[in-house]
Structures are given as C-alpha cells and as structure tokens.
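Chemist: Throughout the sequence shown, residue numbering follows the numbering used here, covering 93 to 252 in sequence. Beta carbons: idealized from backbone N, C-alpha and C, even for Gly.
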Amino acid sequence: MRGFFRIRFGAQGLWLGVWPRLRARQPSIGEKAKRPCGRILIMDDEPMLRKLSAEFLSKLGYDVTTAASGEEAVELYRMAGAKNQPFDAVIMDLRVPGGMGGKEAIEKLKALDPHIKAIISSASSEDPVLTNYKRYGFSAAVNKPFNLHDLQQALQSVHN
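1. So what's M171 in DSSP terms, helix, strand or just coil?
2. DSSP state of G194, grouped into three classes?
3. Going along the chain, which residues of its own chain have a beta-carbon closer than 6 Å to the beta-carbon of K200, five neighbours each way excluded?
4. Where does G173 land, buried or exposed, given buried means 16+ other C-beta within 10 angstroms?
5. Taking its Cβ as the centre, do 16 or more other Cβ atoms sit within 10 Å of T223, making it buried, or is it exposed?
6. What's the C-alpha gap between Q177 and F230?
7. Are M184 and A203 closer than 9 Å when you measure CB to CB?
8. Report all residues from its chain with a CB closer than 6 Å to the CB of K124; omit the five preceding and five following residues, and keep chain order.
9. With a CB to CB cut of under 7 Å and the five nearest residues on each side skipped, what residues in its chain are close to L168?
10. Let me know the secondary structure DSSP gives D242 once reduced to three states.
11. Is the beta carbon of I211 sitting closer than 9 Å to the one on Y228?
As structure tokens, then:
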C-alpha cells in the first residue's frame, strides 16, 4: 500500500483515512543511500495500525517487527538481543486493553537494555507519560493520530 494514512481514536471508535500516493519522481542513487536503516519493533494492539506503520517504515528502509502487546514486545526484544540482532528502536502504544502497555513494558525492557531507544505513542496527549516521557524511560513521544512524518521525526530524534 502506498500513500498517506491518518488514524483517529475517539469516543465513537476508530477512524482510519487512507489516501493513495501521488505520482512521485524516483529518488536518485545518492538519495537512496541516505535512506534510514535499522531494526524497529512496533508494539500496538490495533492490527491495522501495526500493519500500516510497518509498511511505511519498511518503505523508509527499516526492518520492522511488530508485537500486539507489551508481553510479546519484551519477549521479541529479549530474543533479538540473544541472537545478537538487537532492535535500534521500539515504538510502543501506551495502553493495551487486557495486556501490558508501554508504561509497564518499558520497565522490563530497561532491565534488558538500559540504553534502549523507546518511543511512546498514545491518543491521550494530556497523559503524564506522554508529556513527561523521559521521566518514564522513553526517548521520545508521538501523539496519535500520527502520520509517517511524525514517526520519521521521532525515530530521527532518538538516533541523534
């Protein structure tokens, strides 16, 4: 899928807008060399958000793995480290109904890797974890609904 997406969560449920990509010129060889690369773990309970985020970040050059809960994210992170193939960054949803969300998962991930680069995401922009993300062990925060540019900026900020 190519294009732009916008996701909104609200009292009436989930809204997902998808727009096709406009025809664009092909990047030059020099531009292709500037593409980011690295391993990213995305944890979100919304399957569509995981899928779209993974597709867009893959197109940017990232190798993406997804998890539906904090428990799964912690296990994937542990296994990647054990195989000497660590993730370069983790993007986690703050709340996962019926499961471990980002706030709980970051504590377990920090125990595995004190230098983890983690980005918290949530539709609750006023939540203290989002407004004071560093205090909770995160490197950056991104508000939902977010777009590809928001994700790209957050990833660049944790790598600088």
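Modeler: In brief:
1. Note: M171 maps to helix in three-state DSSP.
2. In the three-state scheme derived from DSSP, where H, G and I count as helix and E and B as strand, G194 is classed as helix.
3. Listed in chain order, the non-local C-beta contacts of K200 below 6 Å within the same chain comprise V166, local neighbours out to five positions each way being set aside.
4. Counting Cβ neighbours within 10 Å, G173 comes out exposed, since fewer than 16 surround it.
5. With fewer than 16 other CB atoms across the displayed protein chains lying within 10 angstroms of its CB, T223 is exposed.
6. Computed Cα separation, rounded: 21 Å.
7. Against a cut-off of 9 Å, the Cβ pair of A203 and M184 comes out as no contact.
8. Caution applies to K124, whose pLDDT of 48 falls short of 50 and renders its modelled position unreliable; the model cannot decide the point.
9. The beta carbon of L168 is closer than 7 Å to those of L133, T157, A159 in its chain, skipping five residues each way along the sequence.
10. In the structure shown, D242 sits in a helix (DSSP, three-state: H, G or I).
11. Annotated as distal: I211 and Y228, with beta-carbon spacing of 9 Å or more.
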